[in-house]
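Read in order, the letters of the sequence shown correspond to residues 1 to 326 in our numbering. Backbone N, C-alpha and C fix where the C-beta goes; we use that ideal spot for every residue, glycine too. Below you'll find the structure, written out as structure tokens, and then a few comments.
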Amino acid sequence: MPTKAKNPHLPLGDHKTAPWYGKDILSIKQFSRADLEYIIRVAHEMRIMVERIGTFDLLKGKILANLFYEPSTRTSSSFMAAMERLGGAVIPINEVKYSSVAKGESLPDTVRTLGCYADVIVLRHPDVGAAALAAKYAGKPVINAGDGVGEHPTQALLDAFTIREELGRLDNLTLTMLGDLKYGRTVHSLARLLTQFVGIKLNYVSPDILHMPKDVMEEVSQKGLPQNEYATLDKVLPETDVLYVTRVQKERFDDHAVYEKVKSAFVITPEVMKGAKKEMIVMHPLPRVTEISMEFDEDSRAAYFRQMEYGLYVRMALLAMVLGKA
Ligand code: ASP
1 MPTKAKNPHL
11 PLGDHKTAPW
21 YGKDILSIKQ
31 FSRADLEYII
41 RVAHEMRIMV
51 ERIGTFDLLK
61 GKILANLFYE
71 PSTRTSSSFM
81 AAMERLGGAV
91 IPINEVKYSS
101 VAKGESLPDT
111 VRTLGCYADV
121 IVLRHPDVGA
131 AALAAKYAGK
141 PVINAGDGVG
151 EHPTQALLDA
161 FTIREELGRL
171 DNLTLTMLGD
181 LKYGRTVHSL
191 ARLLTQFVGI
201 KLNYVSPDIL
211 HMPKDVMEEV
221 SQKGLPQNEY
231 ATLDKVLPET
241 DVLYVTRVQK
251 ERFDDHAVYE
261 KVKSAFVITP
271 EVMKGAKKEM
281 IVMHPLPRVT
291 EISMEFDEDS
301 RAAYFRQMEY
311 GLYVRMALLA
321 MVLGKA
């Protein structure tokens with residue numbers, strides 16, 4: 001994983017002791033358990049600061065380029081809000097069709113350009129490996145905000161923060177991942193992240209054609225985590241501490257008829273949740289389509305809207321880290 005300190009011409013000053021200064025964030029595999037605990041601590045401090053004073057000038061004078069080649073609501077706007085809450089500024093490119101990408105500019109050239117104007121680049125792209133490619137050319141730290149069906153490391157970090165804030169621990173948990181585990185990049189990153197913790201049991205519940213990819217399962221089993229696949233939820237729901245629901249990723253299907261067949265394979269309702277513990281949480285990276293009914297939203301176990309708020313604090317922490325202020 002890249003450890004290069006970019007911006008070699010910046011005076012080190014207060015960057016000297018910042019371990020993530022100038023680094024790219026491309027994959028969850030970069031993070032050790034100690035790193036994850038550090039991020040959770042910084043995110044918690046960001047939460048306290050936002051609750052107390054809202055906005056402060058930790059990154060005053062710094063610029064973020066937010067470059068999104070795929071639709072986004074939460075990731076894009078929470079990175080923008082994070083930068084602005086830290087006193088920095090944002091170049092928002094949410095619609096690449098209005099940028100030089102529409103004229104045929106390559107990703108390396110686009111990020112080279114943005115690297116001239118910004119101090120950090122957040123990139124979402126439909127191709128697996130796009131963030132790693134961008135990091136080669138950007139000249140500034142690149143943060144992967146989702147690369148196709150690959151990874152979504154900042155989502156996994158905010159998922160971990162959510163679990164810690166809500167349940168008070170990241171060890172000794174049974175997690176059930178439900179829905180589109182094949183194309184859902186967030187579960188790929190989260191399963192990998194959880195290998196850093198102990199006493200974790202993973203259940204995967206999905207339609208037959210949307211199983212967790214074998215490479216992710218192999219990585220998880222190499223770390224010794226028990227994991228099992230199921231076709232229905234009822235057997236594992238009673239033991240579940242975290243039910244992580246995902247959307248069937250319509251945009252990744254070549255055949256629309258196949259999508260139609262599986263899109264409503266699982267729907268979480270108050271009735272279904274009668275089979276779950278009282279002390280557990282339901283998460284979802286959002287957007288939700290039909291996989292969690294709105295009737296469940298009022299249940300205290302429904303953590304998905306709190307989860308998106310936690311994303312702000314985690315992204316504040318990450319920006320502060322790569323810009324040498326945490
Ligand atoms: N927002 C998440 C992602 O970008 C989940 C989703 O789109 O279903 O991967």
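With a 10 Å radius around the Cβ and a threshold of 16 neighbouring Cβ atoms, residue 85 comes out buried. Residue range 120-125 is occupied by the beta strand (DSSP E) that includes residue 125.
Ordered along the chain, residues surrounding the ligand ASP are 72, 74, 75, 146, 152, 155, 184, 185, 186, 246, 247, 249, 285, 286, 287 [Cβ under 7 Å from any heavy atom]. The beta-bridge partner set that DSSP reports for residue 203 consists of 176, 228. In the DSSP assignment, residue 243 is bridged to 176, 282. Three or more beta-carbon pairs separated by less than 8 Å are not found between the region 200-220 and the region 267-282, which leaves the two stretches without contact.
The secondary-structure analysis by DSSP pairs residue 66 across a beta bridge with 92, 122. A straight line joining the alpha-carbon of residue 113 with that of residue 44 spans about 34 Å.
A distance of 8 Å or more separates the beta carbons of residue 69 and residue 322.
Beta-carbon to beta-carbon, residue 178 and residue 205 are separated by about 5 Å, close enough to satisfy the 8 Å threshold.
Look at residue 87 here: in three-state DSSP terms it is coil, with no helix or strand label.
Contact between residue 186 and residue 211 does not hold, since the beta-carbon distance rounds to 16 Å and is not under 8 Å. For residue 253, same chain residues with a beta-carbon under 7 Å away, outside a window of 5 residues either side, are 259 in chain order. Contact between the region 98-114 and the region 124-141 is present: three or more C-beta pairs spanning the two stretches fall below 8 Å. Annotation: the continuous beta strand (DSSP E) that includes residue 142 extends over 142-147. Contact between the region 301-311 and the region 17-31 is absent: fewer than three C-beta pairs spanning the two stretches fall below 8 Å.
The Cβ atoms of residue 319 and residue 83 lie closer than 8 Å to each other. By the beta-carbon neighbour count (other beta carbons within 10 angstroms, threshold 16), residue 294 is exposed. Here residue 98 is exposed. Its C-beta has fewer than 16 other C-beta atoms within 10 Å. Straight across, the Cα-Cα distance linking residue 55 with residue 314 is about 15 Å. With fewer than 16 other CB atoms across the displayed protein chains lying within 10 angstroms of its CB, residue 305 is exposed.
When secondary structure is reduced to three states using DSSP, residue 160 falls in the helix class.
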